[in-house]
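So the structure is just underneath, and the comments pick up after that.
2 protein chains.
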Amino acid sequence: MSSKPICAPNPSFNRAREVRVSQDRSYEVQISGAKISDCLDTIVQWLDDKPALVVMTPTVASLYGMDLVARLEKHGAPVSAQILPCTESSKTLAAVELVCARAAELKLERRSLLIGLGGGVCTDIVTVAASLIRRGIRHIRIPTTLIGQVDAGIGIKGAVNFNGRKSYLGCFYPPHRVLILPHLLSTLSTDHLQDGIAEIIKIALVRDAVLLAQLEALPSHMLSYELRTNSSKAAELIWRSATGMLDELEPNLYEDKQSKRAVDFGHTFSPLIEAASGYSISHGSAVAMDMALTSILAEYCGLLSVAKRDRILTLLTTNRLPVWAPELDVNLCREALHAATLHRCGELNLVLPVNDGGVHYISSAGDITDPMFAHAVAYLKTLGRASTRLKPIGTEL
Amino acid sequence: MSSKPICAPNPSFNRAREVRVSQDRSYEVQISGAKISDCLDTIVQWLDDKPALVVMTPTVASLYGMDLVARLEKHGAPVSAQILPCTESSKTLAAVELVCARAAELKLERRSLLIGLGGGVCTDIVTVAASLIRRGIRHIRIPTTLIGQVDAGIGIKGAVNFNGRKSYLGCFYPPHRVLILPHLLSTLSTDHLQDGIAEIIKIALVRDAVLLAQLEALPSHMLSYELRTNSSKAAELIWRSATGMLDELEPNLYEDKQSKRAVDFGHTFSPLIEAASGYSISHGSAVAMDMALTSILAEYCGLLSVAKRDRILTLLTTNRLPVWAPELDVNLCREALHAATLHRCGELNLVLPVNDGGVHYISSAGDITDPMFAHAVAYLKTLGRASTRLKPIGTEL
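Going down the list, the protein sequences come from chains A and B.
The first sequence finishes on residue 476 if you use my numbering, and the numbering steps up by one all the way, no holes.
The second sequence finishes on residue 476 if you use my numbering, and the numbering steps up by one all the way, no holes.
What follows is the structure in structure tokens.
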């Protein structure tokens, strides 16, 4: 090519264009006191003749999952089933890949659906898989654990653990629908409910004095009994807790609007407690310890009366939630403040409960001293020795 | 537990709550006639002292990528480099995982960044990785190929191949910034530019008569020469094409608003041509054949004059783009209509060019008969024998 370029190179050529990316979606969270086998028409209607893959755990499959799939098939819905072990250690990209592989095999396309029928790990894996398949297909979540019904299964987050880092990979990806069936809790043991009970108490403490009063009005251990017997009272408590959680989440679903989040109450020290125990302490137990610790700090800071602090501690122990473990020491507390500051983009925003039922945010790690931690830890240690320490559930949810 | 539940189970308990999920973001696409080594200040400013991982191909690394990283480091930016083979066969979830693993190793957190410095495969892998890490971190794309600069690297889509299915897994995930540097094209061979030239011609045909006239005004083969010599003229053509593409994409970035997309011109038969050749025919070559085919169909349907049809065919062949290959037969055409109908959620929406420079959509596969395909294929076969057939690029981009 010998001809000269028509124009010479021009380093000063500079242009820019803004691209606006807007998205408005919505999804419906629904609760029903009915049995899952009585919800067939609803689910069939949601599927609208589109192919769907129901992902469930082995336990759920044998209890009612495979039965549901068979009934949906009888109703003419083109559904397939995938049984997936769902424990914290199998909450991996490999599990997501298994779901994607099954979806590819079934030739699921843009209008197809995934259904996550299981606990938080199951719905997390399904959420991430749905976000990736064909750049995002619809998914329905039917959480089968209490924590799934009031917390893990109702928002837009999904994540898996990666290279030893908890929830390092994931997505913000709204479901198509969420169906909460308190009846499913009747197959769970009392221990299985504890994680969710901790989250219900959290919501009551940070935003709902009525829910708090309802919880306190129940006789000792009665909450888990109500939940397992699928009473109307239990359904009301779950719905109140779930919608309270959604009210908190909705204005900041992508967690990009602000780093002050009331629902972070109980979630500053708990990640390190869980990790320090090698995940032998369950999430709900760690959250309970975190709430107990921050309640004592709040009292120490003059934000909470001694009476209110003791009401919180009593509510936790009455519901068989632990308030202390050997992992919870001053060093862990200090480290947790640094980790949370990093995690929340430079601002600690430690959530402390206050007298009127709202919350107060501590913005800097320097505002909490080691003697304050030492005081709180020592107090909990004394209290904790008298209370139960729960192990996490061994079976898959 | 012997006490009775306070309330009985109540199957008629039903409540529902709508959750609104809104997101408004924006990103800037910028073009500069400068060399990449003269853009250090700009990139350093974008990084804002946050840790960043620059992902690049081996070719880019040796040409200017590692030099860029060294210069950024000298400017005090906390950047690391990752060299990743980026071919169509390595466009996999495993490649995404490699980037995520490096990110985890470097402890990249929510405010960290990825930089994709490479062709479409590289920026696709980086986009998917960025969407997953900590549920989404920012990423900057610096596309190093022409197709990256006018098409693959400027929108919000990222994808990888999975279990033999092209782009089966991916995301819609906007970049933080896109930097288009036409100067980077100077290291590419003419063959490397062909894919991008096909997409520039596409944009000219579906929406930009001025761009079309500019392309037609260039002497034979002159476009690739302009592009490789980084002339101002080339930068203007690239910018015109890129912004034309963005104008088309912007109202429907998530492809959920409508399935009539002018930018699908050239992208109905081409996926099957590529697949049928075992990907030995490059994307741009397949797009060129598709545009040639649909132009003949458009003339046959009375939408395009013979003169305009021949202008299109001449523009393609002048730019050394192929218009026919043995893979392109009537069966493939018929299959492509079915596949596209499925892909576009039940509506074919085949894009045909029309006389005035706009497009016409054929909504049903039944509107194109096999004799029409036979006529078009025979015409192209005759024409194609006289024109070049390009092989895809063997080296990594």
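Virtual Cβ for every residue (Gly too), placed ideally from N, Cα, C.
Nothing here was measured: the structure is a model prediction, and the numbers come from that model.
Using the beta-carbon of each residue, which ones in chain A are nearer than 8 angstroms to residue i?
i               : result
proline 90/B    : Ser111, Gly112, Ala113, Lys114 and Asp117
glutamate 167/B : Within 8 angstroms Cβ-Cβ: nothing; glutamate 167/B doesn't reach chain A, min ~17 angstroms.
threonine 106/B : Per the sequence shown, residue 106/B should be read as tyrosine rather than threonine. Per Cβ cutoff of 8 angstroms: Glu97, Val98 and Val100.
alanine 314/B   : Asn89 and Phe92
Looking at the strands, I want to know which residues DSSP matches up with residue i.
i             : result
alanine 131/B : Val158/B and Leu192/B
serine 111/A  : Asn93/B
Helix or strand or just coil, what does DSSP make of residue i?
i                   : result
proline 432/A       : strand
isoleucine 216/A    : coil
glycine 473/B       : At glycine 473/B, the pLDDT of 40 sits below 50, so the modelled position is not reliable and the matter cannot be decided from this model.
tyrosine 143/A      : helix
glutamine 102/A     : strand
proline 222/B       : strand
cysteine 380/A      : coil
phenylalanine 251/A : strand
histidine 439/B     : strand
threonine 121/B     : helix
valine 456/B        : helix
isoleucine 259/B    : strand
lysine 245/B        : strand
tryptophan 403/B    : coil
threonine 347/B     : coil
arginine 464/A      : helix
glutamine 273/A     : helix
glycine 227/A       : helix
glycine 445/B       : helix
isoleucine 279/A    : helix
glycine 425/B       : coil
proline 84/B        : With a pLDDT of only 42 at proline 84/B, under the threshold of 50, the placement of this residue in the model should not be trusted, and no figure is reported.
isoleucine 375/A    : helix
serine 265/A        : helix
glutamate 334/A     : coil
isoleucine 360/B    : coil
leucine 284/B       : helix
proline 137/A       : helix
Give the interface partners of residue i over in chain C, defined as CB-CB distance under 7 angstroms, in chain order.
i               : result
threonine 448/B : Judged by its chain identifiers, the structure shown contains no chain C, and its protein chains are A and B.
Let's see if you can read the secondary structure: which residues bound the beta strand (DSSP E) around residue i?
i                : result
asparagine 240/A : 236–241
serine 210/B     : Careful: serine 210/B lies outside any beta strand (DSSP E), inside the alpha helix (DSSP H) at 199–211.
For a contact meaning CB atoms closer than 9 angstroms, what does residue i contact in chain B?
i               : result
asparagine 93/A : Gln109, Ile110, Ser111, Gly112 and Ala113
leucine 193/A   : Those within 9 angstroms of leucine 193/A in chain B number zero; the least Cβ separation is about 13 angstroms.
serine 268/A    : What serine 268/A touches in chain B: nothing, since even the nearest Cβ is about 12 angstroms away.
Give me the chain A residues within the contact set of residue i, using Cβ-Cβ distance strictly less than 7 angstroms, ordered along the chain.
i               : result
aspartate 103/B : Ser101
proline 253/B   : Val100
arginine 214/B  : Lys236, Ala238, Gly249, Cys250 and Phe251
glutamate 278/B : Within 7 angstroms Cβ-Cβ: nothing; glutamate 278/B doesn't reach chain A, min ~17 angstroms.
alanine 183/B   : Phe241, Asn242, Arg244 and Tyr247
cysteine 179/B  : Phe241 and Leu248
serine 384/B    : What serine 384/B touches in chain A: nothing, since even the nearest Cβ is about 29 angstroms away.
Listing by chain order, which chain A residues have their CB less than 9 angstroms from the CB of residue i?
i                : result
tryptophan 318/B : Phe92, Arg94 and Arg96
cysteine 424/B   : Glu188, Arg189 and Arg190
leucine 431/B    : Residues of chain A passing the Cβ test: none, with the nearest at roughly 24 angstroms.
Tell me which residue opens and which closes the alpha helix (DSSP H) that residue i is part of.
i               : result
arginine 307/B  : 301–307
cysteine 179/A  : 172–184
cysteine 412/B  : 409–422
glutamine 293/A : 288–296
alanine 313/A   : 311–328
aspartate 389/B : 385–397
Since residue i meets chain B, which of its residues come closer than 8 angstroms, beta carbon to beta carbon?
i               : result
threonine 359/A : Checking the sequence shown, residue 359/A turns out to be serine, not threonine. Under the 8 angstroms cutoff, chain B gives no residues; its nearest Cβ is about 23 angstroms from serine 359/A.
I'd like to confirm something about residue i: is its beta-carbon nearer than 8 angstroms to some heavy atom of the ligand GDP, or not?
i            : result
valine 175/A : Absent from the structure shown: the ligand GDP. Ligands present: none.
In chain B, what lies closer than 7 angstroms to residue i by C-beta?
i               : result
leucine 394/A   : Under the 7 angstroms cutoff, chain B gives no residues; its nearest Cβ is about 18 angstroms from leucine 394/A.
glutamate 176/A : Leu172
- Message: If the cut-off is 7 angstroms on Cβ atoms, which residues from the segment 321–341 of chain A count as contacting chain B, listed in chain order?
- Response: Here the close residues are Thr322, Leu325, Glu329, Leu332 and Tyr333.
- Given a limit of 7 angstroms on CB to CB distance, which residues of the segment 233–266 of chain B reach chain A? Taking 7 angstroms as the Cβ-Cβ cut-off against chain A, the residues of the segment 233–266 of chain B that qualify are Ile235, Lys236, Ala238, Phe241, Asn242, Arg244, Tyr247, Leu248, Gly249, Cys250, Phe251 and Pro253.
- Which of the residues in the segment 136–161 of chain A, read from start to end, lie with their CB under 7 angstroms from any CB of chain B? Hits within the stretch: zero.
- Positions along the segment 362–381 of chain A whose CB lies within less than 9 angstroms of some CB in chain B: Sequence-ordered contacts of the segment 362–381 of chain A with chain B are nonexistent [C-beta pairs closer than 9 angstroms].
- Task: Give the residues from the segment 409–423 of chain B that approach chain A closer than 7 angstroms (Cβ to any Cβ), ordered along the chain.
- Result: From the segment 409–423 of chain B, only Leu421 have a Cβ closer than 7 angstroms to chain A.
- Just by C-beta distance, which residues in the segment 291–306 of chain B are closer than 9 angstroms to chain A? Those residues of the segment 291–306 of chain B placed with their C-beta closer than 9 angstroms to a C-beta in chain A are Leu297, Pro298, His300, Met301, Ser303, Tyr304 and Glu305, ordered along the chain.
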